[in-house]
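**Q**
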Amino acid sequence: MLWLCGPPGVGKTAVGWEIYEGLVRSGIQTGYVDIDQLGMCYPEVASDPGRHRMKARNLDAVVRGHRTAGARCVVVSGVVDARHGVHRDALTGMSLTVCRLRADEGELARRFVGRQGHADALPHVLREAADLDAGAVGDVCVDTTGLTVAKVARRVRERVPGWPATGGHGSPSPADPEGHTDAAAVTGPSSVLWVCGATGVGKSTVAFQVYLKALRAGLTAAYVDLDQLAICGPTPADHRRRAGTLAAVWRTYREAGAAALVMAGPAEDRYALDRYVRALPTATVTVCRLHAGRDELTRRILRRGRGHGSWPQPGDPLVGQPVTRLRHVADQAARDADALERAAIGHRIPTDGRTVEEVTAMVLTHAGWAH
């Protein structure tokens, strides 16, 4: 496993994705993890400031899922504890190399402000960068100042010779691929709200707003984007493996005190739906399916293709695509939406002509959560 760390704005995600895509293109089964996606559980417990140990435990679960999908290597991008580095004791059965990316102060400031559009958090970012430099976190360090993403990716590969080691056949994780044992180990009532729907309908946008509302209402809650738990290629992970990973991640959140989980992700049929529900046997699962018509789906997908999505998803398959490709995706999304209508998956939430706030309120009302 190769973990790219460094201060915000240094290019961890962009470089990590560049390396991941290169390995996939070469035919090497590879997993990718954005570590920030594995610690979205608040309020955080006092014994784990920054939720670094939580993220490491969840990373271990995700990597086990990648192994069962045949992954020979995994690329991770994200922050590490500036004082203690990676919690390696939480990572089982894997060889880990930590590569720290750095940049000169002026370059880092330019990148961060360019990404955020403001400099409000810049002093904190520069302090974190200085702490990382002083602590010499990482097995290797690559200076990214003045380099393109592609050049940094090549330099990282040069600094980590022999990675990935792709010989042999590997061994799948001994963990239960369904995750039943993990999910059932934590007792007590819990609620899971799953926001699903066709591509471009706004699953992540609405689900994250629901999550924020839950936190403001005083719930200890977690958030999961199902797609982010199973980024693996060239052969993607199936629902069985994703469900097992979800169960293990949910156990970590439950042990941190979470009583509610909001998740966003596709459920194209009842088979997929049942896979995830079975992986969470002690939870009450509510499924809300967002629906939009062809014209609205097309508008949203074209907008996302221009880079106006709700969040900077690593490797977003729509960003930068030509209009003809985006319209093809929209046509398929409309067909998928019709199929979901016929299958009557979940509780239907119509979104045409409604704002994100209005749709969020409808989801919360159906779930019976305060808003």
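369 is the number that the UniProt record's numbering gives to position 369 of the sequence shown; each next residue is one higher, with no gaps.
Glycine included, every Cβ here is placed at the ideal spot set by N, Cα and C.
#1: Please state the DSSP three-state secondary structure of M40.
#2: For G78 and V33, I'd like the C-alpha separation in whole angstroms.
#3: So which of A214, A230, I231 has the shortest CA-CA distance to Y223?
#4: Can you check whether the CB of V152 is closer than 9 Å to the CB of L101?
#5: Using beta-carbon positions only, say whether P314 and Q228 come within less than 9 Å of one another.
#6: Identify, in the order they occur along the chain, each residue of the same chain with its Cβ nearer than 6 Å to the Cβ of A272, setting aside the five sequence neighbours on each side.
#7: Taking the alpha helix (DSSP H) that D269 falls in, what are its first and last residues?
#8: Ignore the nearest five residues each way along the sequence and tell me which others in residue 373's own chain have a CB closer than 7 Å to its CB.
#9: Tell me which residues share the same chain as L318 and place their Cβ nearer than 6 Å to its Cβ, disregarding the 5 neighbours each side in the sequence.
#10: What is the C-beta distance between R365 and N58, in whole angstroms, given that I count them as a contact (C-beta under 8 Å)?
#11: In terms of residue numbering, what span does the alpha helix (DSSP H) encompassing V113 cover?
#12: Do I35 and V74 come within 9 Å of each other at the CB atom, strictly closer than that value?
#13: Rounded C-beta distance between V195 and A264? I'm assuming under 8 Å.
#14: Are the CB atoms of G320 and G307 within a distance shorter than 9 Å?
#15: Report the three-state DSSP secondary structure of M362 (helix, strand or coil).
#16: Apply the 10 Å Cβ neighbour rule to P172 and answer buried if 16 or more other Cβ atoms are within range, or exposed otherwise.
#17: Let me know the alpha helix (DSSP H) ranges lying completely inside the segment 287–361, each 4 residues or longer, listed in chain order.
#18: Quick check on this structure: which residue in K55, A343, R67, C5 has the alpha carbon closest to the alpha carbon of P236?
#19: Using DSSP with H/G/I as helix, E/B as strand and the rest coil, what is M54?
#20: Three Cβ pairs or more, each shorter than 8 Å: is that satisfied between the segment 100–116 and the segment 4–13?
#21: Within this structure, are the beta carbons of L38 and V62 separated by less than 9 Å?
#22: What does DSSP give as the partner residue(s) for G142 in the beta ladder?
#23: Using C-beta distances below 8 Å, list every residue in its chain close to A221, excluding the 5 sequence neighbours before and after it, in chain order.
#24: Taking the C-alpha atoms as reference points, what is the distance between D336 and R342?
#25: What distance in whole Å lies between the Cβ atoms of G200 and I301, which are believed to be in contact at a cut-off of 8 Å?
#26: Report the rounded CA-to-CA distance for V356 versus P350, giving the unit in angstroms.
#27: Helix, strand or coil for L2, going by three-state DSSP, please let me know.
#28: Does the distance from the C-beta atom of G368 to that of T286 stay below 9 Å?
#29: Just verifying my parser: in three-state terms, what is the DSSP assignment at W194?
#30: Could you tell me which whole beta strand (DSSP E) segments of length 3 or greater appear in the segment 231–267?
#31: Going straight from the alpha carbon of L246 to that of G65, what length do you get?
#32: Would you grab the beta carbon distance between C99 and V156 for me? Rounded to a whole angstrom, and I think it's under 8 Å.
#33: What's the C-alpha gap between V359 and V206?
#34: Check D48 in the structure and name its three-state DSSP category.
#35: Count the other CB atoms, across all protein chains shown, that sit within 10 Å of the CB of E18; report buried if there are 16 or more and exposed otherwise.
#36: Count the other C-beta atoms from every protein chain shown that fall within 10 angstroms of the C-beta of W3, then say buried if there are 16 or more, exposed otherwise.
**A** So, from the data block:
#1: Here DSSP, grouped into helix, strand and coil, assigns M40 to coil.
#2: For G78 and V33, the distance between alpha carbons rounds to 9 Å.
#3: Comparing Cα-Cα distances from Y223 to each of A214, A230, I231, the minimum goes to A214.
#4: Remark: C-beta atoms of L101 and V152 approach each other more closely than 9 Å.
#5: It is a contact, given that the beta carbons lie within the stated cut-off.
#6: Cβ within range, chain order: H239.
#7: Careful: D269 lies outside any alpha helix (DSSP H) and carries neither H nor E.
#8: Only positions 1 to 371 of the chain appear in the structure, and residue 373 is not among them; the question remains open.
#9: Excluding positions up to five away in sequence, the list reads R304, G305.
#10: This sequence places Thr at residue 365; Arg is not what is there. At roughly 31 Å, the Cβ-Cβ gap does not stay under 8 Å, so T365 and N58 are not in contact.
#11: Start and end: 105–116.
#12: No, Cβ-Cβ distance for V74 and I35 is not below 9 Å.
#13: With a contact defined as Cβ atoms closer than 8 Å, V195 and A264 qualify at about 5 Å.
#14: It is a contact, given that the beta carbons lie within the stated cut-off.
#15: Here M362 sits in helix by DSSP.
#16: Residue placement at P172 is flagged as unreliable, the pLDDT there being 45, under the threshold of 50; a coordinate-derived value is accordingly withheld.
#17: Listed in chain order, the complete alpha helix (DSSP H) runs (minimum 4 residues) inside the segment 287–361 are 294–305, 323–343.
#18: The alpha carbon of P236 has as its nearest neighbour, out of K55, A343, R67, C5, the alpha carbon of R67.
#19: M54: helix per DSSP, three-state reduction.
#20: As far as the Cβ criterion goes, the segment 100–116 touches the segment 4–13, which means the pair count is three or higher.
#21: Cβ distance < 9 Å, so L38 and V62 count as in contact.
#22: The residue you asked about is not Gly; residue 142 is Val in the sequence shown. DSSP lists L101 as the beta-bridge partner residues of V142.
#23: Answer for A221: C41, Y42, Y211, A214, L215, A258, A259, A260, L261, V262, listed in chain order.
#24: When only Cα atoms are considered, D336 and R342 end up about 10 Å apart.
#25: Yes, I301 and G200 are in contact; Cβ-Cβ is about 4 Å, under 8 Å.
#26: Computed Cα separation, rounded: 11 Å.
#27: Correct three-state label for L2: strand.
#28: Cβ atoms of G368 and T286: closer than 9 Å.
#29: The three-state reading of DSSP puts W194 in strand, counting E and B together.
#30: Runs of the beta strand (DSSP E) inside the segment 231–267: 231–233, 260–264.
#31: Cα to Cα, L246 sits roughly 9 Å from G65.
#32: Under the criterion of beta carbons closer than 8 Å, C99 and V156 qualify as touching, at roughly 5 Å.
#33: Those two C-alpha atoms are separated by around 7 Å.
#34: Residue state, collapsed to three classes: coil.
#35: Buried, because 16 or more other Cβ atoms sit within 10 Å of the Cβ of E18.
#36: Buried, because 16 or more other Cβ atoms sit within 10 Å of the Cβ of W3.
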